[in-house]
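Residue numbers (my numbering): 682 to 885.
Here it is as structure tokens:
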């Protein structure tokens, strides 16, 4: 049956089959729209879960702020004599009560450096009395890198001797403690062990 159209702008007549076809298309669109409204929240939730299930890369390396007295600075090891110590920044009385201390202002990086670490002979550095030339020394910093050194000749100096703190022409480590080890009271001398760098290895 045909339907007559008389309003302006419309064709004169529209077939019933065309009307049914349009209704079916409209119904299909409504069903699809309803399906999207139902599934969109679920898809949004899945996307959020997946975005959180991602390995976050480590932060980009940044410049380490200057250490202050008492901060953990690194670790010092002399395997042969069983010395394994946490090193702190500074040589204040409070810092040296915690462990050996890195002498501020002494450089520990680069081809021309003299990294100086001092400690008490009657506590943390007591095992230095058993050290000998050629012993392996391992020094690790905050970045995890491990520097390897070999002990050279030792020196006995007066407390006023400050040349042991000066930069060197090579990369070295200097360990300082009071001497003699068995002295009662304030020791009159300082024991100075210098160690030359031999290699750099990554910490595992």
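Note that beta-carbon positions come from the ideal geometry of N, C-alpha and C, so glycine has one too.
Bear in mind that the values here come from a model prediction, so they are computed numbers and not experimental data.
Quick check: what's the CA-CA separation for residue 871 versus residue 831? 20 Å
Would you call the stretch 800–813 and the stretch 758–765 in contact, with 3 or more CB pairs under 8 Å? yes
Report yes if the CB atom of residue 819 is closer than 8 Å to the CB atom of residue 758, and no otherwise. yes
Specify, as a first and last residue, the run of the beta strand (DSSP E) that residue 834 falls within. 826–838
Whether or not the stretch 835–849 and the stretch 768–775 are in contact is what I'm after, with contact meaning three or more pairs of Cβ atoms, one per stretch, closer than 8 Å; do they touch? no
Give a yes or no on whether the C-beta atoms belonging to residue 877 and residue 851 are separated by under 8 Å. yes
Candidates 788, 767, 751 and 754, of which the one nearest residue 855 by Cα: 788
Mind listing, in chain order, the continuous beta strand (DSSP E) runs of no fewer than 3 residues lying wholly within the stretch 842–878? 852–860
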